[in-house]
Amino acid sequence: MILRALLWVLAALVLGGIVHLSTVLAMPQAAKQDAYARLAPVAPVNTMATLAAPTAQASVMPFMDPAFAVAVCRYDISGAPLKFSAPVSQAYTSVTFYTRTSVAYYAINDRAAGRRTIELSLMTAEQHAEMPEEEDVTSADRLIIESPTKTGLIVLRALAPEPGLMAMVRGTLAAAQCRGEPQPKP
Amino acid sequence: MRLFFGSCFTLLLAAVIGLGATWLTLTRGVAFGALTVGAWTAWPRSGSVDIDPYARATIARTGELPVGTGDGVAFYARTDDAGNPFDGRCSFAISGLSPAARFWTLTLYDPEGRLVANTIDRHGFTSAEIVRDADGRFTIHVAPRARPGNWLPTGGIEQFVLVWRLYDTPIGVATRTTKEGPMPAIVEKRCS
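For the protein sequence lines, the chains are A and B, in the order given. Taking the working numbering, the leading residue of the first sequence gets 36, the next gets one more, and so forth. Taking the working numbering, the leading residue of the second sequence gets 185, the next gets one more, and so forth.
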């Protein structure tokens, strides 16, 4: 009798473990309020959008760094690759690429980019493979990033070392661009 | 009949165990590959494709975007060095030398990651605006009432979280010893 009850409990433990693991793994797909969903109303697709600075009353996402001005490009490269360019601000600028489920798959800062503007091409692995050889050579100075997903987020962050510099830094961000390339001809 | 009740009991218990464990791990913020220095903990792998499933589930639930590995690393503190939880009605002193990074910022949030309202509209400091001693050391006073020097107001809230973000830093996934990343000490001063 007791042995049988123990068997039922053991079965419950095993099943519970499976439930636990599958819910954790399903969470990124099931979450309704992840970063991408929070940004959807304020950031149009394949367009740069400067985010409102976080305040005590409202913040687009939790744990945003208030010392940074942030601009977002919510991309969709299912049709064609994307060209991204951003001027470097005086203090510190970084660009981070996130998948649809908020995994940061690439990040670069102004020093690593090594010039006044950060210029990147974003494409899927298939689009990169389809690119003609010559074009690869002519655009060799342009960094090519492969996105693991067709949609995602490019987040441009620029530091205002002092609060008084925030207006200037936000002005620099306004010059950033992200737009779809015309479909390359075969 | 016994079989029916047994399986009902098992399924119910399984659901409670499974969902309970998920809820616990996601609200407590369980993640692997933690880098702890003093009271500060960072999860450098959360900013890369090597992020573990628990950290992925947590950020999907909270809606935050982790700092990318090529950008920097974020250290979180919820207690002082002695393990006293941060209480906005107490004062804490954070002192030390700047860690190896081009810039750093220190920000105070409530446990949900919102900034805390205060009279001087200050939510944190950057490495550029901090007042330092002659030898380059700094002290930041995290306190509910105004203090001379670097005062970071708590707004008197019950619990708060400090986030220390290092930008363009060698500290990250490969960091093993605390020698590489000397982080500022946090000491509780007074509790009223």
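We treat Cβ as the ideally placed atom computed from N, Cα and C, and that holds for glycine.
Buried is the label assigned to leucine 219 of chain B, since at least 16 other Cβ atoms lie within 10 Å of its Cβ.
Between leucine 281 of chain B and glycine 308 of chain B a beta carbon distance of about 18 angstroms is seen, past the 8 angstroms cut, so the two are scored as non-contacting. Runs of the alpha helix (DSSP H) spanning 4 or more residues and lying entirely within the region 37–117 of chain A occur at 37–65, 70–74, in chain order. The C-alpha of alanine 284 of chain B is placed about 15 angstroms away from the C-alpha of threonine 253 of chain B.
Looking at the DSSP output, serine 137 of chain A sits in no beta bridge, so it has no partner there. Per DSSP, the continuous alpha helix (DSSP H) segment holding tyrosine 238 of chain B begins and ends at 237–246. Chain order gives the chain A residues near phenylalanine 287 of chain B as Ala102, Ala126, Tyr127, Leu194, Pro196, where near means a beta carbon separation below 9 angstroms. Taking 8 angstroms as the cut-off, the beta carbon of alanine 142 of chain A is found closer than this to the beta carbon of valine 130 of chain A.
At least one CB of chain A lies nearer than 8 angstroms to the CB of valine 300 of chain B.
Approximately 5 angstroms separates the beta-carbon atoms of leucine 194 of chain A and alanine 126 of chain A; this is inside 8 angstroms, confirming the contact. Against chain A, the CB of threonine 246 of chain B has a partner CB under 8 angstroms away; the residue lies at that interface.
With respect to the 8 angstroms criterion, leucine 336 of chain B and arginine 306 of chain B are classified as neighbours on the basis of their beta carbons. For the region 212–239 of chain B, the set of positions with a beta-carbon nearer than 7 angstroms to some beta-carbon of chain A reads Gly231, Ser232, Val233, Ile235, Pro237, Tyr238 in chain order. Proximity of the region 57–75 of chain A to the region 216–232 of chain B falls short of the contact definition, fewer than three beta-carbon pairs being nearer than 8 angstroms. The Cβ of glutamate 296 of chain B sits closer than 8 angstroms to at least one Cβ of chain A. Pairing threonine 246 of chain B with glycine 297 of chain B gives a Cβ-Cβ distance under 8 angstroms.
Check the Cα spacing between glycine 213 of chain B and each of B:Phe188, B:Phe189, B:Gly190, B:Pro295: the tightest is with B:Pro295. At a cut-off of 8 angstroms between beta-carbon atoms, methionine 62 of chain A makes contact with chain B.
Under DSSP, no beta-bridge partner is assigned to arginine 329 of chain B. Between the alpha carbons of alanine 65 of chain A and threonine 136 of chain A lies a gap of roughly 10 angstroms. The distance from the Cβ of glycine 190 of chain B to that of valine 257 of chain B is about 50 angstroms, inconsistent with a contact at the 8 angstroms cut-off. For threonine 211 of chain B, the enclosing alpha helix (DSSP H) stretches over residues 186–212. Per the coordinates, the alpha-carbon of methionine 158 of chain A lies some 21 angstroms from the alpha-carbon of aspartate 234 of chain B. Residue-level contact check: glycine 51 of chain A touches chain B, since one or more beta carbons of chain B fall below 8 angstroms from its beta carbon. Taking the C-beta atoms as reference points, leucine 292 of chain B is found no nearer than 8 angstroms to threonine 225 of chain B. Residues are counted here when their Cβ sits less than 7 angstroms from a Cβ of chain B; for the region 92–122 of chain A these are Ser94, Met96, Pro97, Phe98, Asp100, Pro101, Ala102, given in chain order. Taking 8 angstroms as the upper bound for CB-CB distance, glutamate 154 of chain A and arginine 177 of chain A are in contact here, some 6 angstroms apart.
Sequence-distant partners of arginine 214 of chain A (beyond 5 residues in either direction) whose C-beta falls short of 8 angstroms from its own C-beta, in its chain, are Asn81, Thr82, Leu117, Lys118. Where alanine 261 of chain B is concerned, the enclosing beta strand (DSSP E) starts and stops at 256–261. For valine 77 of chain A, the closest Cβ of chain B is not nearer than 8 angstroms. For phenylalanine 259 of chain B, the closest Cβ of chain A is not nearer than 8 angstroms. Residue contact check for arginine 135 of chain A against chain B: no CB pair falls below 8 angstroms.
Around the beta-carbon of glutamine 162 of chain A, 16 or more other beta-carbon atoms lie within 10 Å, marking it buried. Residue burial is scored here from C-beta neighbours: cysteine 108 of chain A has at least 16 other C-beta atoms within 10 angstroms and is therefore classed as buried. Listed in chain order, the non-local C-beta contacts of threonine 186 of chain A below 6 angstroms within the same chain comprise Asp111, Arg135, local neighbours out to five positions each way being set aside. Residue range 212–215 is occupied by the beta strand (DSSP E) that includes glutamine 212 of chain A.
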